[in-house]
Amino acid sequence: MRHNWWRWLLGVVIVLGIFLPSTVWMHQRISKYKTNYKTPLNPTIMVPGSSASQNRFDALIKQLRSETKSAHSVLKVKVAENGQLSYTGSIRQGDNQPFIVIAFENNHDGYENINKQAKWLSIAFKDLVKTYHFNHFSAMGHSNGGLILSVFLEKYFGETKHVAIDKLMTIATPYNMESDSTTQQTAILKELIAGRSNLPKKLTVYSVAGTENYSSDGTVPANSVNQGKYVFQNQVAHYTQVTVTGSNTTHSDLPQNKQIVLLIRQYLLKEKLPAKDRYKRQKANASSSITGETGLP
Amino acid sequence: MGNWKPLRRLWRLNQRMEQWRAMRAIKEALRIAYPFILVMTLVDVVGQSFLASSGFFFQIYHVGSWLPGIDLWQQFFQVISLVINGVVAVIVAFTTGHYLARTYRGDALAVGVMSALAFLTLNVNYDALYETNHVTGEGVPQFMENNLGPQGIFLAIVVGLTVGWFGSHLMSWLAKWQLRHPRFGQLSWTGRVAWPLGIILVITVGIGYGLSWLTDGGINGLVYSALSASVANPGHRGLVILGVTALSNVLWWLGLIGPVSLAGNSSVTSLQNLAYAVQHGSGWNAPNPITLHTLGDAYANYGGAGMTLSLIIAIWLVSKQASYRRVANQTFLPNLVNLNEPTLLGLPLLYNPILLIPFVVAPAINIGLAWCAITWKLVPPIVYPVPRTTPGPLIAFLGTGGDWRALLLSLICLTLSVVIYIPFIRLLNHEGGDDHAA
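Read top to bottom, the protein sequences are chains D and C. First residue of the first sequence? That's 1 in the numbering used here, and the numbers climb one at a time after it. First residue of the second sequence? That's 1 in the numbering used here, and the numbers climb one at a time after it.
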């Protein structure tokens, strides 16, 4: 009988020796899945510049739709001064790359207003996350829209847990307002530089400038766009500056500019462009599986 | 002996089948192949579950982080496993042919080698011959290596039986013909082997080459692709899943190992379930609660097809056959990590009419039970991927993210299967000893 007693003890030890570590392992795995998981829904949030409405990007969207041959659905959000949201359009069921345009009733220029608009943007953003349950997105801002997005990312984005921003593209965004100076920093630039450590570390930023001549797109000085490096460089994962010249490069034409549309398709929508349209050879992005590892059956 | 009438009838069927020459040849062949397969599987247990990075024990004990020279170990075990695992079916073809020829009092060794060669010719990669003429041909294997491993066992048995019968008869006919026509002179042993071998090889090469026009995977590939196609997509309906699992288990019993294997982790429905669980924190209300993966893999696959883990427990509990108890002891560890080939070949379970019934019924009942439990929302479906070598009763627990009800259901399933196996194991207690008693 003593012999049997030992056997039972050994059995219990073996069962526990398998059971307990596997439970620990399971919890590790589940939390890993949770952090690695990306929703299929991957919207592109577009923010227009000052004095522009939620219809600012209609021309761009029309162009994108016809060129990409996929009917990206469009949801437009207008934020009133009291924070009330009014929606037009909708995200079509099954469309995983919709566009969401967020515009503001008070769309005036100026340091104070941009900060207010960033706050309003955060209200709309939280509501969108709550409604559509996406946990990653890309963003595109034209002109001051880029400033609004940058301020939003620094000040309010951290409040929404479990949502990540993959890419941010700013088009002709005057990081130093109308200033042409390379040394003097305006209030908004100072603020952005002061808060830059709050920017998401994994973010990829593309800053696109247009120039009609060697210094400006007619509204925003190229130097002001260049100041973006002091905000993003050495802070986010990648910061790329692109300057577009040629026809249709005045400030307000830029979102419809053919080259910029290609940039949006290539970098924001992660399309595989045909060779003739490509800016440069894109690295083949190995689509990572949801489990994030191989070897499992 | 069971007094229940159907059981008695089953016993008689078993006795009658054991009289068949083919049956005895198969049993003998598997008995000879068993130690080889056992060694191979024990190597696989270490290789797949402790050393492979997808292995269960590798992951839970984080073997990679403390075992020095992990790559070396992996390669070492991989090589051993490859060598034996790769040619198991050839061994079976040889032993089947060999034993059958012996019962015909033929030249057993020669016929055994003949049937092994015949089996190989059916699994030559005929496309590779074509490739070498055109492109480099490098890296294209000469044989369809998959078919020489465990999944080729059925074909090996068929070929072994056919060649064993045909070869022995051919050789004895040749000898008789010689006696009747002495003017052709005495045929040497070489001649007596060479002529039948030539004839058999011509026939099998013809069959194999002809089949290569039809399918890429050889004759085995044909069977497997036909089965996988009918079996791979059982959809969501419980009855279809039940039917598919039962069919699959019958095929395992015949030696057609593995058209439906535990591979559901990466199917679309499983990924959808995983995505849901990650977003909502649990698998309740997952979009695909009833799939082959959530039912079969989680609750009807302990030890591999046919719930062989509970077969082993049943043997421990009630079997009086020394050989059964020995096989159970030897193959417990492989069964724990769902590698049950040695149990199937060692008992042997293959072609054993008595064990066929619980082998099919136990998983079916478990699937039915799990089906009810999931549709009545008593347990959530498994949603997180688990390694293939996870011990059976833990699959549901780990796959649901640690749901105790799932663990309870697993234990119920295990117990139930043991209970189902017990009367049949009791029946088999009469084997051997019964001949003397009667």
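Even for Gly, the Cβ is constructed at its ideal location relative to N, Cα and C.
Item                                                                                                                          : Value
For leucine 30 (chain C) and arginine 388 (chain C), the rounded distance between their alpha carbons                         : 26 Å
Neighbour-count burial assignment, alanine 71 (chain D), 16 or more Cβ in a 10 Å radius                                       : exposed
Counterpart residues of histidine 136 (chain D) in DSSP-defined beta bridges                                                  : D:Ala164
Integer Cβ distance of serine 73 (chain D) from aspartate 95 (chain D), believed to fall under 8 Å                            : 5 Å
Boundaries of the beta strand (DSSP E) in which tyrosine 61 (chain C) is found, first to last residue                         : Looking at the DSSP string, tyrosine 61 (chain C) is not in any beta strand (DSSP E), and its letter there is neither H nor E.
Opposing strand residues paired with valine 46 (chain C) [DSSP bridges]                                                       : Paired residues: none, contrary to the question.
Distance between serine 252 (chain D) and isoleucine 148 (chain D) (C-alpha atoms, nearest Å)                                 : 17 Å
Within 8 Å of chain C by C-beta, residues of the stretch 1-34 of chain D in sequence order                                    : Ile18, Phe19, Pro21, Ser22, Thr23, Val24, Trp25, Met26, His27, Arg29, Ile30, Tyr33 and Lys34
Reduced DSSP category for lysine 78 (chain D) - H, G, I as helix; E, B as strand; rest coil                                   : strand
CB contact check: isoleucine 37 (chain D) to chain C, cutoff 8 Å                                                              : The question names isoleucine, but residue 37 (chain D) in the sequence shown is tyrosine. Yes, tyrosine 37 (chain D) counts as interfacial toward chain C.
Spatial distance of leucine 67 (chain C) from phenylalanine 56 (chain C) (CA atoms)                                           : 15 Å
8 Å Cβ cut-off: residues of chain C touching histidine 133 (chain D)                                                          : Gln279
Assigned secondary structure, glycine 141 (chain D) (DSSP; H/G/I helix, E/B strand, else coil)                                : strand
Beta-carbon neighbours of glutamine 142 (chain C), restricted to chain D and to distances below 9 Å                           : What glutamine 142 (chain C) touches in chain D: nothing, since even the nearest Cβ is about 28 Å away.
Per-residue burial, serine 143 (chain D) [other beta carbons within 10 Å of its own, 16 or more giving buried]                : buried
Beta-carbon proximity of alanine 249 (chain C) to asparagine 301 (chain C), cut-off 8 Å                                       : Residue 249 (chain C) is actually asparagine in this sequence, not alanine. The answer is no: Cβ separation not under 8 Å.
Through-space distance from alanine 175 (chain C) to threonine 96 (chain C), alpha-carbon basis                               : 23 Å
Closer than 8 Å to chain B by CB, glycine 206 (chain C)                                                                       : Considering every chain present, this structure includes no chain B. Its protein chains are D and C.
For tyrosine 214 (chain D), the three-state DSSP class (helix, strand or coil)                                                : coil
Nearest-angstrom Cβ-Cβ length linking isoleucine 354 (chain C) and leucine 292 (chain C), presumed shorter than 8 Å           : So it is not a contact: roughly 27 Å between Cβ atoms.
Presumed contact (8 Å Cβ cut-off) between methionine 114 (chain C) and proline 196 (chain C), rounded CB distance             : 7 Å
DSSP-derived helix/strand/coil call for valine 87 (chain C)                                                                   : coil
Alanine 275 (chain C) at chain D interface by Cβ criterion, 8 Å                                                               : yes
Tyrosine 230 (chain D) in three-state terms, based on DSSP                                                                    : helix
Touch test, the stretch 208-228 of chain D against the stretch 168-183 of chain D, Cβ-Cβ under 8 Å, three pairs minimum       : yes
Outcome for threonine 98 (chain C) when other beta-carbon atoms lying within 10 angstroms are tallied against a minimum of 16 : Just to set this straight, residue 98 (chain C) is histidine in the shown sequence, not threonine. Classification of histidine 98 (chain C): buried, given that the 10 Å Cβ count is 16 or more.
Closer than 7 Å at the beta carbon, the chain D residues around glutamine 59 (chain C)                                        : Trp25
Rounded straight-line distance, which links the Cα of proline 381 (chain C) to that of glutamate 341 (chain C)                : 28 Å
Cβ neighbours of threonine 400 (chain C) in the same chain (closer than 6 Å, five flanking residues each side left out)       : Gly283, Pro380, Ile382 and Ala406
Serine 86 (chain D): first and last residue of the uninterrupted beta strand (DSSP E) it sits in                              : 85-89
Supposed contact pair isoleucine 312 (chain C) and alanine 328 (chain C) - C-beta distance, whole angstroms, cut 8 Å          : 5 Å
At least 3 beta-carbon pairs within less than 8 Å: the stretch 130-142 of chain D vs the stretch 188-199 of chain D           : no
First through last residue of the beta strand (DSSP E) which encompasses alanine 103 (chain D)                                : 99-104
Histidine 238 (chain D), enclosing alpha helix (DSSP H) - first and last residue                                              : Note, histidine 238 (chain D): premise wrong, no alpha helix (DSSP H); beta strand (DSSP E) at 238-244.
Where proline 48 (chain D) falls: helix, strand or coil (DSSP)                                                                : coil
Terminal residues of the alpha helix (DSSP H) in which arginine 8 (chain C) lies                                              : 5-19
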